[in-house]
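Student:
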Amino acid sequence: MSSFELLPNEGAATGFGYRVDYRPAFPMATVGLAAGASMAAQAGAMVSMSASVELTSKMEGGIMGAIKRSAAGRSAFVSTFTAGREGGEVVLAPATLGDVVPVRLDGEYLIAASGYLASEPAIDIDTRWGGSAGFFGSNSLFILRASGSGVMFLTAFGALHQKKLAAGEEYIVDTGHVAAWDSSLKYKTKKAASSLFRSVTSAEGLVAHFTGPGVVLMQTRNVEAFAGSLSPFIGASSGSGGDTVSIFG
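If you count the sequence shown from 1, you need to add 94 to reach our numbering.
1) For Ala106 and Ala189, what's the separation of their Cα atoms in angstroms?
2) Please state the DSSP three-state secondary structure of Ile341.
3) Confirm, please, whether the CB-CB distance from Gly181 to Ala129 is below 7 Å.
4) DSSP three-state label for Gly181, please.
5) Taking only the alpha-carbon atoms, compute the straight-line gap between Phe247 and Leu211 and give it to the nearest angstrom.
6) Are Ala216 and Gly242 closer than 7 Å when you measure CB to CB?
7) Using only the alpha-carbon positions, how far apart do Phe98 and Gly262 sit?
8) Any idea what DSSP makes of Glu318, helix, strand or coil?
9) Confirm, please, whether the CB-CB distance from Ala260 to Gly306 is below 7 Å.
10) Look up Ala297 in the DSSP assignment and say whether it is helix, strand or coil.
11) Within 10 angstroms of its Cβ, does Phe120 collect 16 or more other Cβ (buried), or is it exposed?
12) Verify whether the separation of the beta carbon atoms of Gly192 and Gly270 is less than 7 Å.
13) Does Ile341 pass the burial test, meaning 16 or more other C-beta atoms within 10 Å, or should it be called exposed?
14) Where does Ile328 land, buried or exposed, given buried means 16+ other C-beta within 10 angstroms?
15) State the beta-bridge partners of Thr221 as determined by DSSP.
16) Residues in its own chain within less than 6 Å of Val185 by CB, not counting five upstream and five downstream?
17) Is it buried or exposed for Asp276, if we count other Cβ within 10 angstroms and need 16 for buried?
18) Just to check my reading of the structure: Thr314 and Val301 have Cβ atoms closer than 8 Å, yes? What is that Cβ distance to the nearest angstrom?
19) Whose C-alpha, out of Val310, Val309, Val197 and Val272, is nearest the C-alpha of Gly244?
20) When DSSP labels each residue in this structure, what does Pro196 get in the three-state scheme?
21) Is the beta carbon of Ser213 sitting closer than 7 Å to the one on Ala134?
22) DSSP three-state call for Ser132: helix, strand or coil?
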């Protein structure tokens, strides 16, 4: 079983220190890099950086790797920030509302496609097929596999909650709330209720059935449910002239 630890808002690792501010609704992570140290991040995650930091962007994993990342809803490119001789800082933030959580990984974890923000170069991030019943934590049939040892930053829609499962313990989570889980955990996806009708009428579609031991991380809000709650206000007809109105003006 992999070792996985949620870290405090502020800390240090080999080659860098970090601080996460404004949690859990509007967080951003400030990473202070030592001379020559690097941090990999999802493309588009940068808020700001020191002039001494060099940003490079490349298509890691070649064309197939880029295709898999694009299919998972991520950029085809990966950004790497490397500090110069005097060191420097880079500030990162996710594209959506919700938490940024620093974690320490030793082993292998599976992450919802939208849940990755940044990591040490020692951690390998790969995209894999999550199964036709997937959609874990986001509208994607792909999930991410994080492997190695080091610190990475995860994102969640809402806050992040962890559930530790003992050996043989079973636990069910709505797939829209699944953020990450230990790769050693056994899981299968199925309907929330015994029949399709009951699943639909309960407004609970698919769930993930986990069997321990291991740790499951859940996001406290569901992106799809949130989008559905906004639908009555977006693109609604005005009723008179048929013009479209929007809560965004």
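All C-beta atoms in this analysis are idealised placements derived from N, C-alpha and C, irrespective of residue type, glycine included.
Tutor: According to the structure data:
1) 25 Å
2) Bear in mind that the predicted position of Ile341 carries a pLDDT of just 43, short of 50, making it unreliable; the figure below should be weighed with that in mind. Note: Ile341 maps to coil in three-state DSSP.
3) yes
4) coil
5) 5 Å
6) yes
7) 19 Å
8) helix
9) yes
10) Low confidence applies here, because Ala297 scores a pLDDT of 46, under 50, leaving its location unreliable and the question unanswered by this model.
11) exposed
12) no
13) Bear in mind that the predicted position of Ile341 carries a pLDDT of just 43, short of 50, making it unreliable; the figure below should be weighed with that in mind. Exposed, since its Cβ has fewer than 16 Cβ neighbours within 10 Å.
14) exposed
15) Leu238
16) Met122, Thr124, Val141 and Ser142
17) buried
18) Incorrect: roughly 16 Å between the Cβ atoms, too far for contact.
19) Val197
20) strand
21) yes
22) strand
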